[in-house]
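A short worksheet on the structure shown next.
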Amino acid sequence: ESFNPRVKIFSGRGLKLSAMASVRKSVESVSASSPELSLAHKLIFSARGKVANKEKKKHLLAFSGFLTPKESGEDENEREKLDEEAETKMATRAFKLKIPEIKSLCDFFTVDRSPGRGETMDKEGLIDRLLDFLGEPQLELTTAKKKPVGKGSKQAKKRKKKVEGDDSEEVEDDGESEDGGEGEGKHDEGKVFGDNDEKLEEEEASDDKTEGMPSDKALRKWVKAYVACFNLDKATTKHAIETASDKFGIDLASKKARIKEMLTEEM
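The sequence shown begins at 25 in our numbering and counts up by one.
Next up, the structure:
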């Protein structure tokens, strides 16, 4: 099957979206001109120039993850570096989206965004869920087959810090879809983002007030110092979190996504 040469379709580490009934139904159920279809396509492929709407569904259904398959006998450090580059490049794009857009994408891909025990589904948590799925699509990460989710999934904990040069484009505002239940792929294309943005952003900001956690201002100050002191070509998210945790005397694993966002901005 031929695709637009500007869109790179390669074999990923997970299942093709077309192989998961709930996801396939969700993708096929929206109109070719749907804003959320364009939003999903631009996040994953970031293609320059115009891509025919009718091609976008084909590209998405052929997608099987932005993490490339592991090969037997490969160097583990090299594999970790490749995964890190792919993850942080996608995370950089995702953090530019608004909360309603991220929720809409989770629902579009039928990603389970229900909070686990002790977990808050703020912007960071939503992005982790979305990128876990897009990195290696699996049915277990969707609403079609829910499973208990604790603080930080395996892929989220492995997400790294180094940020590639930003080659992403601005995404167009999209309408927030309602939950489609167990992967039913229901979307309200007429609903537009806007009225609830301020409230949602305030809710996100309130998450930083967790007792004992450093404020955004304190984290920002620390990030500036970290960027000035460490070789960012070799430093990892794990190192940054451990260093910050030692500095503030509290486990900051739950602030991983926020710290990564600040590191991205400072770099």
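Cβ coordinates follow ideal geometry from the N, Cα and C atoms, glycine included.
Given the structure is predicted, the values throughout are model-derived calculations rather than measurements.
Reduced DSSP secondary structure (H/G/I, E/B, other) of residue i
| i | result |
| --- | --- |
| V75 | coil |
| V134 | At residue 134 the sequence reads Thr, which differs from the Val that was named. DSSP places T134 in coil when its eight states are reduced to three. |
| T309 | A query on residue 309 cannot be resolved here, the shown segment of the chain reaching from 25 to 291 and no further. |
| T166 | strand |
| E196 | Bear in mind that a pLDDT of 39 at E196, under 50, signals an unreliable position, so the model cannot answer this. |
| L243 | helix |
| P139 | coil |
| G149 | helix |
| E125 | helix |
Residue interval of the alpha helix (DSSP H) (run including residue i)
| i | result |
| --- | --- |
| I33 | Element bounds for I33: n/a, residue is neither H nor E. |
| I283 | 280-290 |
Beta-carbon proximity check, residue i vs residue j, cutoff 8 Å
| i | j | result |
| --- | --- | --- |
| L129 | L63 | yes |
| D152 | L165 | no |
| E143 | R282 | no |
| P161 | G38 | yes |
| S50 | F133 | yes |
| S88 | S35 | yes |
| K248 | I265 | no |
| T267 | Y250 | yes |
| K284 | A110 | no |
Status (buried if at least 16 other CB within 10 Å, exposed otherwise) for residue i
| i | result |
| --- | --- |
| K32 | exposed |
| D275 | exposed |
| E98 | exposed |
| V124 | It should be noted that the sequence gives Pro, not Val, for residue 124. Buried, by the Cβ-count rule. |
| G159 | buried |
| E25 | Confidence in E25 is poor, its pLDDT being 49 and thus under 50, which makes the residue's placement too unreliable to answer from. |
Cβ of residue i within 8 Å of any chain B Cβ
| i | result |
| --- | --- |
| L84 | The structure shown contains no chain B; it is built from a single protein chain. |
Q) Unbroken alpha helix (DSSP H) runs of length 4 or more, entirely within the segment 38-121: which are they? A) The segment 38-121 contains these whole alpha helix (DSSP H) runs: 45-53, 59-69, 77-86, 100-118.
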